[in-house]
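*Asks:* Residues 1 to 288 (UniProt numbering) make up the sequence shown, in order. Please read through the structure below; I'll follow up with questions.
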Amino acid sequence: MLKEYLEGIKDLTPESNEPTHRPSLYNLLDSLKDHFNKEFKIEHEPKRDQGSQPDFRISYQGFNIGYIENKRVGTDLRKIVESEKSKQILKYLELNPNLMLTDYLNFVWVGKDEENKPLIKREISVASLDELSKPLKPNPQTERDLIGFFKGFFNYEAAPITNAKDFATHLSAPTKYLKDALIQYQKDMQVSSIFKNFKEYLYEELSFEDFSDAFAQIAMASVLAKAFKDREMLELHALFKEYGWDKNCGYGTKQHIEAIIKLGATPFHRHSFTLKNRILNPKLLEVE
Numbered sequence: 001m002l003k004e005y006l007e008g009i010k011d012l013t014p015e016s017n018e019p020t021h022r023p024s025l026y027n028l029l030d031s032l033k034d035h036f037n038k039e040f041k042i043e044h045e046p047k048r049d050q051g052s053q054p055d056f057r058i059s060y061q062g063f064n065i066g067y068i069e070n071k072r073v074g075t076d077l078r079k080i081v082e083s084e085k086s087k088q089i090l091k092y093l094e095l096n097p098n099l100m101l102t103d104y105l106n107f108v109w110v111g112k113d114e115e116n117k118p119l120i121k122r123e124i125s126v127a128s129l130d131e132l133s134k135p136l137k138p139n140p141q142t143e144r145d146l147i148g149f150f151k152g153f154f155n156y157e158a159a160p161i162t163n164a165k166d167f168a169t170h171l172s173a174p175t176k177y178l179k180d181a182l183i184q185y186q187k188d189m190q191v192s193s194i195f196k197n198f199k200e201y202l203y204e205e206l207s208f209e210d211f212s213d214a215f216a217q218i219a220m221a222s223v224l225a226k227a228f229k230d231r232e233m234l235e236l237h238a239l240f241k242e243y244g245w246d247k248n249c250g251y252g253t254k255q256h257i258e259a260i261i262k263l264g265a266t267p268f269h270r271h272s273f274t275l276k277n278r279i280l281n282p283k284l285l286e287v288e
């Protein structure tokens with residue numbers, strides 16, 4: 001795994017553009033995640049504007065695990081983290097406090113300290129530019145160390161939300177990020193069209209800033225509702241596989257209705273499903 005990666009970036013130089021060797025980096029990350037969970041999704045994030053979002057996003061069943069930001073080889077990653085002017089790092093940590101920085105040869109795992117400031121958790125180097133210019137014979141221990149290093153990153157679990165304050169804190173960052181993005185792309189055709197509809201059907205005197213704030217809050221609430229419903233459907237599917245909750249998401253599809261007719265409604269079905277079940281199965285009228 002490591003040797004193939006280093007072979008793929010063998011022509012790396014300080015003058016190389018950051019995206020040039022991203023396919024090799026992606027393949028390395030994909031191989032690493034398979035050591036922990038093959039269902040992890042690694043998504044490359046094309047940038048609309050310079051520095052607008054991290055280069056890679058790691059997710060599992062729709063939930064963000066963390067982000068990976070790729071810098072030019074030779075970049076002082078530690079200096080970036082420790083610089084008080086690094087607004088980019090702070091913004092990424094607001095999105096998710098599980099961030100990895102890499103210049104292809106070095107990896108720096110970053111989180112937050114008790115004061116919500118950037119904190120370097122661990123660092124690892126897999127090779128140097130000088131070593132890349134020679135016949136590659138990576139130490140097997142380096143590959144094992146790299147796997148162990150990424151174990152913490154891929155298995156990261158955010159602190160649990162235990163009260164309303166925690167809930168509000170976790171929502172505030174992505175909500176603000178979305179609001180700022182709407183304001184930034186105010187002249188975009190799709191954004192202006194949504195704003196126009198809001199003014200036409202809700203409130204004619206609505207300012208764009210108020211619209212952005214309201215839309216961001218509604219969107220975050222919708223995303224949360226969808227995420228929790230998806231998780232609930234997977235849990236129900238584990239209990240009642242015959243109903244296909246993982247595919248129908250609780251909706252009355254043909255296959256779902258057929259399963260209810262055949263097997264009966266579960267305690268988790270809505271009352272409307274239960275009534276339909278009893279009408280189609282008269283014998284069940286006797287069962288409360």
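For glycine and all other residues, C-beta sits at the position ideal for the given N, C-alpha and C.
1. Rounded to whole angstroms, what's the CA-CA distance from Glu235 to Lys87? Just pull it up for me.
2. Between the alpha carbons of Ile120 and Leu93, how many angstroms are there, rounded?
3. Is it buried or exposed for Pro19, if we count other Cβ within 10 angstroms and need 16 for buried?
4. DSSP three-state label for Lys3, please.
5. So, with DSSP's three-state summary, where would you put residue 292?
6. Using the Cβ count rule (16 or more neighbours within 10 Å means buried), how would you classify Leu202?
7. Would you identify the three-state DSSP class for Phe268, choosing helix, strand or coil?
8. Check whether the segment 184–197 and the segment 138–158 are in contact - that is, three or more C-beta pairs closer than 8 Å.
9. Mapping the DSSP letters down to three states, classify Phe63 as helix, strand or coil.
10. Using only CA atoms, which one of Ile58, Ile42, Ile124, Ser128 lies nearest to Lys10?
11. DSSP three-state label for Glu143, please.
12. Can you look up Glu82 in the DSSP assignment and give me helix, strand or coil?
13. How is the beta strand (DSSP E) around residue 316 delimited, first residue to last?
14. What span of residues does the beta strand (DSSP E) with Lys121 cover, start to end?
15. Let me know the secondary structure DSSP gives Gly148 once reduced to three states.
16. Short of 6 Å in beta carbon distance, which residues of its chain neighbour Asn248, apart from the five on each side in sequence? Order them along the chain.
17. Could you check the C-alpha separation between Leu146 and Ser83 for me, to the nearest Å?
18. Considering only C-alpha positions, which residue in the set Pro97, Leu12, Gly111 is nearest to Arg170?
19. In or out: Ala265 buried (at least 16 other Cβ within 10 Å) or exposed?
20. Between which residues of its own chain and Leu206 is the CB-CB distance below 7 Å, once the five residues before and five after are set aside?
21. Would you say Pro54 and Leu95 are within 9 Å of each other, going by their C-beta atoms?
22. Hey, could you find the ends of the beta strand (DSSP E) Val110 is sitting in?
23. If you follow the beta strand (DSSP E) that Leu93 is in, where does it begin and where does it stop?
24. Inspect the beta-carbon positions of Glu4 and Asn27 and report whether they are closer than 9 Å.
25. Return the residue from the list Asp213, Thr13, Arg78 that minimises the CA-CA distance to Ala173.
26. Under 9 Å between the Cβ atoms of Lys38 and Ile58?
27. Beta-carbon within less than 7 Å of Tyr104's beta-carbon, same chain only, minus the 5 sequence neighbours each way: which residues are those?
*Replies:* Judging by the given coordinates:
1. Within the sequence shown, residue 235 is the residue found at index 235, counting from 1. Within the sequence shown, residue 87 is the residue found at index 87, counting from 1. Taking the straight line joining both Cα atoms gives about 39 Å.
2. Locating residue 120 in the sequence shown gives position 120, where the first residue counts as 1. Locating residue 93 in the sequence shown gives position 93, where the first residue counts as 1. Going from the Cα of Ile120 to the Cα of Leu93 covers about 12 Å.
3. Indexing the sequence shown from 1 puts residue 19 at position 19. Pro19 is classed as exposed because its beta carbon has fewer than 16 other beta carbons within 10 Å across all chains shown.
4. As a position in the sequence shown, residue 3 is number 3, starting the count at 1. Lys3 falls in the helix class under three-state DSSP.
5. Within the shown structure, residues of the chain are numbered from 1 to 288, placing residue 292 beyond reach of any answer.
6. Within the sequence shown, numbered from 1, the residue matching residue 202 stands at position 202. By the 10 Å Cβ count, Leu202 comes out exposed.
7. In the sequence shown, the residue the question calls residue 268 occupies position 268. In the three-state reduction of the DSSP assignment, Phe268 falls in the coil class, being assigned neither a helical nor a strand state.
8. They do not touch, by the three-pair rule.
9. By one-based count along the sequence shown, residue 63 stands at place 63. Phe63 falls in the strand class under three-state DSSP.
10. For the purposes of this step, residue 10 is taken as residue 10 along the sequence shown, with counting starting at 1. For the options Ile58, Ile42, Ile124, Ser128, the alpha carbon positioned closest to that of Lys10 is the one of Ser128.
11. Locating residue 143 in the sequence shown gives position 143, counting from the first residue. Note: Glu143 maps to helix in three-state DSSP.
12. Along the sequence shown, one-based indexing puts residue 82 at 82. Shown here, Glu82 sits in a helix according to DSSP, grouped into three states.
13. Beyond the ends of the chain as shown, which are 1 and 288, falls residue 316; an answer cannot be given.
14. On the sequence shown, position 121 is the one that residue 121 refers to. Where Lys121 is concerned, the enclosing beta strand (DSSP E) stretches over 118–125.
15. As a first step, residue 148 must be located in the sequence shown, where it is residue number 148. In the three-state reduction of the DSSP assignment, Gly148 falls in the helix class.
16. Mapped onto the sequence shown, residue 248 falls at position 248. The answer, listed in chain order, is His256.
17. Taking the sequence shown and counting its residues from 1, the one referred to as residue 146 is at position 146. Taking the sequence shown and counting its residues from 1, the one referred to as residue 83 is at position 83. In a straight line, the C-alpha of Leu146 is about 26 Å away from that of Ser83.
18. The residue you call residue 170 lines up with position 170 of the sequence shown. Residue identity differs from the one stated: residue 170 is His in this sequence, not Arg. Comparing Cα-Cα distances from His170 to each of Pro97, Leu12, Gly111, the minimum goes to Pro97.
19. On the sequence shown, residue 265 is found 265 positions in, with the first residue counted as 1. Ala265 comes out buried.
20. For the purposes of this step, residue 206 is identified with residue 206 of the sequence shown, where counting begins at 1. Here the set comprises Phe198, Lys199.
21. Position 54 of the sequence shown, counted from the start, is the residue given in the question as residue 54. Position 95 of the sequence shown, counted from the start, is the residue given in the question as residue 95. Contact flag set, yes.
22. The residue given as residue 110 occupies position 110 in the sequence shown. Its beta strand (DSSP E) spans residues 106–112.
23. Along the sequence shown, one-based indexing puts residue 93 at 93. Unbroken run through Leu93 is the alpha helix (DSSP H), 87–95; no beta strand (DSSP E).
24. In the sequence shown, residue 4 corresponds to position 4, counting from 1. In the sequence shown, residue 27 corresponds to position 27, counting from 1. Yes, Cβ-Cβ distance for Glu4 and Asn27 is below 9 Å.
25. By one-based count along the sequence shown, residue 173 stands at place 173. If we check each option's Cα against that of Ala173, Asp213 comes out closest.
26. For the purposes of this step, residue 38 is taken as residue 38 along the sequence shown, with counting starting at 1. For the purposes of this step, residue 58 is taken as residue 58 along the sequence shown, with counting starting at 1. Result no, Cβ atoms of Lys38 and Ile58 do not sit closer than 9 Å.
27. Against the sequence shown, residue 104 aligns to sequence position 104. Ile9, Leu12, His21, Leu25, Val73.
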